[in-house]
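Taken in order, the sequence shown gives residues 1 to 477; the numbers are from UniProt numbering.
Worksheet: the structure to be examined is printed underneath.
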Amino acid sequence: MYLELDGHGPLYDQLTRALKASILDGRIAAGAQLPPTRDLADELELSRTTVLAAYEQLRAEGFIDGKVGSGSYVSHLQARLAVRQENTVIAPPSRYAQRARDVRDWSIPRLHRHVRYNLQYGYPLINPALNSVWGRELARAAAYTPLSINEANGLEALRRQTCDYLARRRGVQAQPTDILIVSGSQQAIDLTARVLLNEGDSVVLEEPHYFLAHQALTAHGANLVGVGTDEQGLLCQSLPDQAPRLIYVTPSHHFPTGAVLSLQRRIELLHYAQQHQCWILEDDYDGEFRYDAHPLAALRSLDEGDRVIYVGTFSKVMFGGLRLAYVVMPTALREDFLNAKYLSDITCPVIEQAALAHFMEDGGFERHLRLVRKELKARRETLMAGLKEYAGARVDIADTPAGMHLVAWLRGYDAARCRALIDYAHERGLGLYPIAPLYLHTPPREGLLLGYCGLSVNELREAMQLFGHCLDHFDTQ
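Okay, here's the thing in structure tokens:
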């Protein structure tokens, strides 16, 4: 019998793998008798103990059957399962899986992971002091929290704290039964699509918009309709005459431009949703971070028709690995959201929820917010000052005193020149990100989305000086 051992691990493991391969590819046929252990040991120059161990392992896994006084035979069941299937046609995945595969292949901004100055957006500021504080909260929660599975809508203590937080900070009045704790705002978007959308349903997106919302909705088969924005947010007069099923908006700080939806347009948008019986998904991804005044009240706070699905996140405020967010569910959709969450992952981890609830109740959450807001304001001011000093009139800055990023529009740049600038900067250790992938269609001008959470004040000064040198290089061409 020809068997090739692979040289990895104990000899009986190698022999077991070699025999399995021969059975699975049909070289040892179903029902065939294996050589006696002594004969195979002599042939392969192995000890009989090694061969016995391999046979016992194959017998335990169902590859062979032993017959007393007769020997060992290849299992018919296993052999049938192992028939070559070179010409077998694999059934295609679901339409959802195919669309999800397609959207993951879309051209999204390249991540600059190994550059000295990475102006990546979308990640929260890291508060070093939070590590030890959060560790203590987790230890406390682990000691006092029942380890049984929690309800689908989340730990009641966290839902109560969320209601209190929303009333004080965002002007949203809600009861704990209205709150659904989810695994990040991305799951909130996905659950909304599961609850509301059938393939082909229309969804309005701001233009430009959050690209992961775009991808999630497309994967569910939505027909996306882009509606433009200006310095006052969504252009409500451009909403389609034929009612969409859902409108996705970021009214408190439009992603990515930073525009704030004006009060008049908020009223127009709510009136449109009520008149056309459609739903609004309000993504309040960083509404806490305003540096010129108190945070604005959420769109949901004006919603008398209960048409707004409000989404907020703890991950952007605390740290990305937390993966906790919440949904304020309209009454008419409450059971549907709970069912979708239950079937998705039953519930979120209870110890993390308990730790966060106590952190909020104890005042630690508010203290953390004050520290982060102060630090982000300083970093934003440094970035603005650096852009004005080193880029000057070569960029137009979308100056919104809020959030964790800003947009710098490039004067005189087309798409090719913008890509060349990004590549040139990358070679010199500066990570820049284009705004173009955040549009459904070609943007009217080229710009950069500059995140400032990941760099210190000093690093931002150096990054802007390097950015100016990169612009200088292209000015000479």
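The C-beta atom is built at its ideal place from N, Cα and C for all residues, glycine as well.
In this text the structure is predicted, and so the values were computed from the model without any measurement.
For the 9 Å CB-CB criterion, Y285 and V327 do not form a contact. Rounded to the nearest angstrom, the Cβ distance from A463 to L430 is 6 Å, consistent with a contact under 8 Å.
Here A259 carries a coil assignment [DSSP, helix/strand/coil]. Annotation note: the stretch 331-380 contains the following uninterrupted alpha helix (DSSP H) runs of length 4 or greater, listed N- to C-terminal: 334-345 and 350-361.
For N458, no beta strand (DSSP E) segment is defined; the enclosing uninterrupted segment is the alpha helix (DSSP H) at V457 to D475.
Between the stretch 237-249 and the stretch 119-134 there are fewer than three C-beta pairs closer than 8 Å, too few to call the two in contact. Per DSSP, S75 lies in no beta strand (DSSP E) and is assigned neither H nor E. Across the structure, A415 and G364 are spaced so that their CA atoms are roughly 45 Å apart. Within the model, the alpha-carbon separation for E151 versus A139 is close to 22 Å. Excluding the 5 residues flanking it on each side, V457 has same chain C-beta neighbours closer than 7 Å at A378, R379 and T382, in chain order.
Between G258 and T400, the beta carbon gap of about 3 Å places them in contact (Cβ cut-off 8 Å). Measuring C-alpha to C-alpha distances from L147 to each of N118, Q353, R417 and A436 identifies Q353 as the nearest.
Partner residues in the beta bridge of Q33, as assigned by DSSP, are Y73.
Taking all protein chains shown into account, K341 has 16 or more neighbouring C-beta atoms within 10 Å of its C-beta and is therefore buried. By DSSP's assignment, L387 forms no beta bridge with any residue.
Uninterrupted alpha helix (DSSP H) stretches at least 4 residues long and entirely within the stretch 199-283 occur at 211-219 and 263-276, given in chain order. Sequence-distant Cβ neighbours of L3 in its own chain, meaning closer than 8 Å and more than five residues away, are L15, A18, L19, S22 and L44. For the pair Y390 and Q465, the CB atoms are nearer than the 9 Å cut-off. Boundaries around A54 are those of the alpha helix (DSSP H), R48 to A60, since no beta strand (DSSP E) includes it. In the three-state scheme derived from DSSP, where H, G and I count as helix and E and B as strand, L125 is classed as coil. Taking the Cα positions, S301 is about 30 Å away from G221. Q242 is the residue among G287, H253 and Q242 whose C-alpha sits nearest the C-alpha of Q275. K316 carries a coil assignment under DSSP once its states are collapsed to helix, strand and coil.
Check the Cα spacing between R461 and each of E268, D336 and G386: the tightest is with G386. In this structure, the beta-carbon distance from H358 to E156 does not fall below 9 Å.
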